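Take a look at the structure below.
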DNA sequence: AAAAACATACCGTCTGGTCGGTTTTTCACA
DNA sequence: TGTGAAAAACCGACCAGACGGTATGTTTTT
């Protein structure tokens with residue numbers, strides 16, 4: 001069986017995620033990752049060709065996980081309002097993970113703006129998120145829930161709001177109740193998008 | 001006169017800004033910065049005690065510049081709507097600068113989440129931005145322009161939207177007209193905040 | 001026994017920072 | 001205004017250590 005191999009690989013990935021989050025991509029040395037994982041350098045380079053490869057693997061894992069969560073929120077719903085209610089329920093979990101992952105996320109983006117390989121790996125899931133929300137808005141417009149807004153732009157606005165709120169939550173963790181801010185921001189935005197005001 | 005000294009210092013700062021943006025904080029070596037600036041390593045360490053010091057100086061310069069721009073947008077205005085109109089006019093300039101500065105900005109935030117010194121330098125100007133918008137919202141509520149929203153939360157929403165839009169504009173530069181998105185997002189948000197709907 | 005998984009010693013390179021020396025600027029005083 | 005010495009500005013060779021990656025050997029699984 002290849003069980004030992006898979007365990008080792010998982011240990012390395014986990015250690016890398018921890019160290020990237022703690023000290024950043026450049027500062028987290030391969031040696032340190034190996035030490036944290038309790039394996040040798042030989043094992044590391046047996047599983048991953050370069051340091052960047054493990055970085056890309058972590059990126060892939062995280063982004064596809066997020067996508068799954070989003071699609072789950074839409075599953076089985078018939079109107080748009082219901083989807084956004086479901087998404088509100090996701091917020092605590094997202095914030096819980098964020099502390100661990102966001103510093104790494106910032107590095108992803110910083111690297112993506114310079115490195116074509118990282119950019120490719122980042123941009124396609126990101127565009128899928130955007131399209132996901134654009135479809136949702138379009139559906140809402142068709143349903144009569146939303147005004148006749150441009151779905152692409154509204155989708156970009158949603159992503160901006162999400163990213164911006166997460167980043168502020170990361171930076172100023174103990175200053176505010178960021179979950180509350182996320183929910184209320186979403187409500188203000190929904191009011192701005194809604195067709196009929198009460 | 002200390003003119004030579006000041007010129008050298010300016011050269012170093014400018015070279016550092018360029019290289020940090022191009023290759024990132026860690027990858028931009030002191031040697032490379034010196035070469036770009038056309039000075040020696042001795043000159044570098046005569047003006048800045050460490051590599052991090054120059055990083056902090058650039059952060060300070062940028063953030064205080066942004067603050068000045070914001071305050072200019074408020075100057076001489078009497079109602080809140082006017083301020084936001086003025087701010088809209090700032091958008092093209094901000095986006096023009098962003099390409100050069102945002103990768104570095106991402107690094108600032110990534111570092112701020114780990115390094116107390118960088119965090120301190122980042123958080124206080126950031127809080128001033130937030131308070132600036134909170135005051136603005138409060139004024140709008142008092143004027144009767146806005147609904148009775150929580151000014152702090154609305155301010156956080158504005159900053160989130162700004163940061164998120166800029167980041168997307170950086171990442172997906174050629175995919176959308178981001179200035180247009182920024183303006184329309186702002187309008188949607190204003191509609192959500194406004195007291196009376198047309 | 002073949003192959004996959006893992007260990008370890010090692011290498012060339014690059015890094016931030018130092019240090020002793022040289023050049024340029026400043027300024028008190030003649 | 002000229003001058004000379006102190007101070008500031010600048011130079012560039014050098015260092016100790018850390019880094020990503022490799023090469024070769026050993027253990028474990030198939």
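Residue numbers (this note's numbering), protein chains in the order written: chain P, 1 to 198; chain G, 1 to 198.
Just so it is clear, CB atoms sit at the ideal spot from N, CA and C, and this is done for glycine as well.
As the structure is a computational prediction, the values presented were derived from the model and not from experiment.
- Contact annotation: residue 137 of chain P and residue 110 of chain P have beta-carbon atoms that are not nearer than 7 Å.
- By the rule that beta-carbons nearer than 7 Å mark a contact, residue 158 of chain P does not touch chain G.
- For residue 88 of chain P, the enclosing alpha helix (DSSP H) covers residues 80-112.
- Contact check for residue 164 of chain G against residue 160 of chain P passes: the beta carbons are separated by less than 7 Å.
- With a 10 Å radius around the Cβ and a threshold of 16 neighbouring Cβ atoms, residue 173 of chain P comes out exposed.
- Per the DSSP secondary-structure output, residue 194 of chain G pairs in a beta bridge with G/146.
- Annotated three-state conformation of residue 26 of chain P is coil, per DSSP.
- Here DSSP, grouped into helix, strand and coil, assigns residue 132 of chain P to helix.
- Its chain contains 100, 101, 103 and 104 as the residues whose beta carbon lies nearer than 7 Å to that of residue 21 of chain G, once the 5 sequence neighbours on both sides are disregarded; these appear in chain order.
- Considering only G/10, G/4, G/184 and G/166, the residue with the shortest C-alpha distance to residue 96 of chain G is G/166.
- Straight through space, the alpha carbons of residue 152 of chain P and residue 78 of chain P are spaced by roughly 21 Å.
- Inter-residue distance for residue 120 of chain P and residue 113 of chain P is about 10 Å (C-alpha atoms, whole angstroms).
- Pairing residue 108 of chain G with residue 59 of chain G gives a Cβ-Cβ distance under 7 Å.
- A check of alpha carbon separations from residue 87 of chain P across P/49, P/162 and P/144 identifies P/162 as the nearest.
- Within chain G, the residues placing a beta-carbon under 7 Å from that of residue 103 of chain P are 110, 113 and 114, ordered along the chain.
- Among the residues of chain P, none has a CB under 9 Å from the CB of residue 87 of chain G; the nearest is roughly 16 Å distant.
- In this chain, the alpha helix (DSSP H) harbouring residue 64 of chain G covers 51-74.
- Just so you know, the alpha carbons of residue 98 of chain P and residue 186 of chain G end up roughly 26 Å apart.
- By the rule that beta-carbons nearer than 7 Å mark a contact, residue 161 of chain G touches chain P.
- Taking a C-beta cut-off of 8 Å against chain P, the contacting residues of the stretch 120-131 of chain G are 122, 123, 126 and 127, listed in chain order.
- The CB of residue 168 of chain G comes closer than 7 Å to the CB of 156, 159 and 160 in chain P, given here in chain order.
- C-alpha of residue 14 of chain G to C-alpha of residue 51 of chain G: approximately 14 Å in a straight line.
- The residue among G/126, G/82 and G/171 with its C-alpha nearest the C-alpha of residue 63 of chain G is G/126.
- A distance of 7 Å or more separates the beta carbons of residue 93 of chain G and residue 189 of chain P.
- Using a CB distance cut-off of 7 Å, residue 184 of chain P counts as an interface residue toward chain G.
- Nearest to residue 19 of chain P by alpha-carbon distance, out of P/6, P/28 and P/75, is P/28.
- The straight-line gap separating the alpha-carbon atoms of residue 76 of chain P and residue 91 of chain P is approximately 19 Å.
- Burial of residue 16 of chain P is indicated by the presence of at least 16 other C-beta atoms within 10 angstroms of its C-beta.
- Beyond the five residues adjoining it in sequence on each side, residue 71 of chain G comes within less than 8 Å, by CB distance, of 132 in the same chain, given in chain order.
- According to the DSSP assignment, residue 165 of chain G belongs to the alpha helix (DSSP H) that extends over 151-171.
- A Cβ-Cβ distance of about 7 Å is found for the pair residue 118 of chain G and residue 56 of chain G, placing them in contact under the 8 Å criterion.
- Secondary structure at residue 140 of chain P: helix, using DSSP grouped into helix, strand and coil.
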